[in-house]
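Mapped onto this note's numbering, the consecutive letters of the sequence shown carry residue numbers 351 to 704.
As structure tokens, the structure follows; a few thoughts come after it.
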Amino acid sequence: MLKGKNILLHFYCFGYIKAGINSSEEPTIVFPTIVGIEKNDETKRIYTGDEAFFHESNLNIYRPIDHGHISDWDKAQKVWDYTLNCVDPSKSIKDILLTEPPLCSISHRKKMGEIFFEYFDTLNLNLSVSGLMSLYASGLTTGLVLDIGEGVTQCLPVFDGYIEKNSIIRSDFGGEELSMFLQKLICDIGYSMTTTKSLEYVKNIKETICFCSLNPSEDQLRNDLAATYTLPDGDVLRDGYDSIEIAHERFYVAEALFNPQLCHRDNLSIIDIIWKSILSCPMENRKILSSSIVLSGGSSLFPNLVERIETEVRNNAPESARSMVKVINFKYMITHTHIYRINKMYPINLYILL
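Below is the structure:
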């Protein structure tokens with residue numbers, strides 16, 4: 351058990367890092383999980399987060415995490431170092447709670463421990479599964495967590511705080527694939543969206559004006575779905591446009607969660623993932639899991655997604671169990687209540703969501 355002033359590092363969101371003090375209502379800093387190295391052979395200066403984003407035209411951009419796995423430890427260490435310096439410049443905090451994905455390999459855990467103990471001089475390091483944190487933050491100790499992250503979607507059944515490891519279902523399909531799908535849709539209607547910076551605009555479009563359709567066949571016939579996204583700070587695309595208008599594309603993106611074949615992928619749909627996980631659990635636990643489905647991850651925030659998942663899970667459930675199906679949307683934003691609930695198990699004063 352960690353005591354006193356500690357840091358929570360949640361590194362496996364893949365897309366963005368969120369960091370701050372738990373007494374705050376909102377994160378203090380938010381920046382993309384990227385590292386940029388100058389193309390100039392002489393300097394090779396390294397940029398992290400927003401700095402890399404704003405200088406991307408002069409940099410080679412790297413993402414140290416690939417679908418839930420740290421692919422470049424040196425660059426991951428740069429991201430950790432930058433984050434800790436932003437949140438704790440005095441380097442006075444030595445207790446860290448680090449979240450990890452389910453079934454994280456022993457070699458990954460050893461490497462993380464090596465970096466934090468030897469490089470960051472951490473005194474106490476606690477590793478905890480990220481999906482478990484979402485469940486606790488929702489006020490539950492038993493339930494089924496569907497975490498739709500940037501590079502991975504995974505279903506995690508939990509009973510009384512213990513993970514049913516044999517029933518974890520993982521799919522390498524998430525927010526990154528949705529963003530690339532939307533990028534293609536936008537390019538197909540005539541906009542130039544091919545740079546790293548424009549991909550960040552695509553992600554913002556996805557997060558601000560896209561939604562999950564409750565009836566795709568009906569929405570396909572609507573002519574009132576057009577919405578405009580204006581590029582921030584007076585920016586323009588390579589083709590000179592300073593705004594982007596999309597219509598039916600607004601709901602095509604979330605539809606790929608239910609039908610990955612739209613992205614030419616053969617991954618399981620989120621409904622198949624949920625049921626595969628539930629049905630692999632002991633018979634006596636299936637009803638309680640279907641009545642406590644917790645959504646987490648950035649790509650779980652599409653408007654109407656909770657209702658759509660609840661409807662489809664209910665339609666696939668045995669008739670006698672349909673009324674029990676309940677989906678809860680854990681907003682993947684840190685709040686004071688969220689931290690308070692986690693504090694019951696891990697008393698922390700400072701958190702970082704990576």
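For every residue, glycine included, the Cβ atom is placed at its ideal position computed from N, Cα and C.
Between which two residues does the beta strand (DSSP E) harbouring I678 extend?
Note, I678: beta strand (DSSP E), V677 to N679.
On a Cα-Cα basis, can you pick out the residue from E568, G584, A577 and F470 that is closest to D438?
Cα-wise, what sits closest to D438 is F470.
Would you check if the distance between the CB atom of V479 and the CB atom of T491 is smaller than 9 Å?
Their beta carbons are not under 9 Å apart, which means V479 does not touch T491 by this criterion.
Over the uninterrupted beta strand (DSSP E) stretch that includes N476, give me the two end residues.
Run containing N476: N474 to V479, per the beta strand (DSSP E) assignment.
Does the distance from the CB of I643 to the CB of E662 come in under 9 Å?
In this structure, E662 does not lie closer than 9 Å to I643 by Cβ.
Secondary structure at D574, three-state DSSP: helix, strand or coil?
It is coil, neither helix nor strand.
Looking only at its chain, what residues have a beta carbon closer than 7 Å to the beta carbon of F523, apart from the 5 residues adjacent to it on each side?
So the list reads T503, P610, R615 and N617, once near-sequence residues are dropped.
So, S627 versus C505, is the Cβ gap smaller than 9 Å?
Going by C-beta atoms, S627 is nearer than 9 Å to C505.
Across the region 631-638 and the region 587-607, are there enough close Cβ pairs to call them in contact, namely three or more that are closer than 8 Å?
Short answer: they don't touch.
Under the three-state reduction of DSSP, which class applies to F381: helix, strand or coil?
It is a strand residue.
Taking DSSP as the reference, what is the three-state secondary structure of Y682?
In this prediction, Y682 has a pLDDT of 41, which is less than 50 and means its spatial position is unreliable; what the coordinates show is noted afterwards. Three-state result, Y682: coil.
Quick one: using the 10 Å Cβ neighbour count with 16 as the cut-off for buried, is Y512 buried or exposed?
By the 10 Å Cβ count, Y512 comes out exposed.
Runs of 3 residues minimum, wholly inside the region 402-426: which ones carry the beta strand (DSSP E) assignment?
Taking only runs of at least 3 residues, the beta strand (DSSP E) segments lying wholly in the region 402-426 are 409-412.
With distances taken Cα to Cα, identify the nearest neighbour of L528 among V429, E550 and P452.
For L528, the nearest C-alpha among the options comes from E550.
Let me confirm a value: E450 is counted as buried when at least 16 other C-beta atoms fall within 10 Å, else exposed. Which label applies?
By the 10 Å Cβ count, E450 comes out buried.
Considering only residues of the same chain and omitting the five flanking positions on each side of Y366, which have a CB-CB separation below 7 Å?
Hits under 7 Å: V380, F381, P382 and T383.
Quick one, which of G525, C537, L494 and G540 has its alpha-carbon nearest I519's?
It is L494.
Three Cβ pairs or more, each shorter than 8 Å: is that satisfied between the region 592-599 and the region 534-547?
As far as the Cβ criterion goes, the region 592-599 touches the region 534-547, which means the pair count is three or higher.
Classify I456 as buried or exposed, calling it buried when 16 or more other Cβ atoms lie within 10 Å of its own Cβ.
Result: exposed.
By alpha-carbon positions, which one of K444, T578, S484 and Y486 ends up nearest to F466?
Cα-wise, what sits closest to F466 is K444.
When we look at the beta-carbon of A671 and count the other beta-carbons within 10 Å, is it buried (16 or more) or exposed?
Flag for A671 reads exposed.
Roughly how many angstroms separate the alpha carbons of F403 and L639, rounded to a whole number?
One C-alpha to the other measures close to 41 Å.
Keeping to the same chain, check which residues put their C-beta closer than 6 Å to that of C436; ignore five residues upstream and five downstream.
Only I379 meet the Cβ criterion.
So, with DSSP's three-state summary, where would you put P582?
In the structure shown, P582 sits in a helix (DSSP, three-state: H, G or I).
Within this structure, are the beta carbons of L564 and E657 separated by less than 9 Å?
A contact, by the Cβ cut-off of 9 Å.
Please name the residue or residues paired with Y503 in a DSSP beta bridge.
Residue 503 is actually Thr in this sequence, not Tyr. In the DSSP output, where bridge partners are listed per residue, T503 has I498 and S521.
Roughly how many angstroms lie between the CA atoms of Y397 and R664, to the nearest whole one?
C-alpha separation (whole angstroms): 47 Å.
On the three-state DSSP scale, how would you describe K368?
In the structure shown, K368 sits in a strand (DSSP, three-state: E or B).
CB L473 to CB L448, shorter than 9 Å?
No; because the gap between Cβ atoms is not below 9 Å, this pair is not in contact.
Can you give me the Cβ contacts of I498 inside the same chain, cut-off strictly under 8 Å, excluding the 5 residues immediately before and after it?
The residues are G524, G525, L607, I620, L645, S646, G647, G648, S649 and S650.
Looking only at DSSP bridge pairs, what is Y397 linked to?
Paired residues: G386.
Would you kindly check if the distance between the Cβ of A604 and the Cβ of L655 is under 9 Å?
Yes.
How far does the alpha helix (DSSP H) with L645 in it extend, from its first residue to its last?
No alpha helix (DSSP H) contains L645, which is instead part of the beta strand (DSSP E) from I643 to S646.
Taking D400 as the reference, give the member of D422, I420, V429 and D416 with the closest Cα.
The candidate whose alpha carbon is nearest that of D400 is V429.
Thinking C-beta only, is F531 closer than 9 Å to C613?
Closer than 9 Å, so yes.
Ends of the beta strand (DSSP E) at S593?
Taken as a continuous stretch (DSSP letters only), the beta strand (DSSP E) holding S593 covers S593 to I596.
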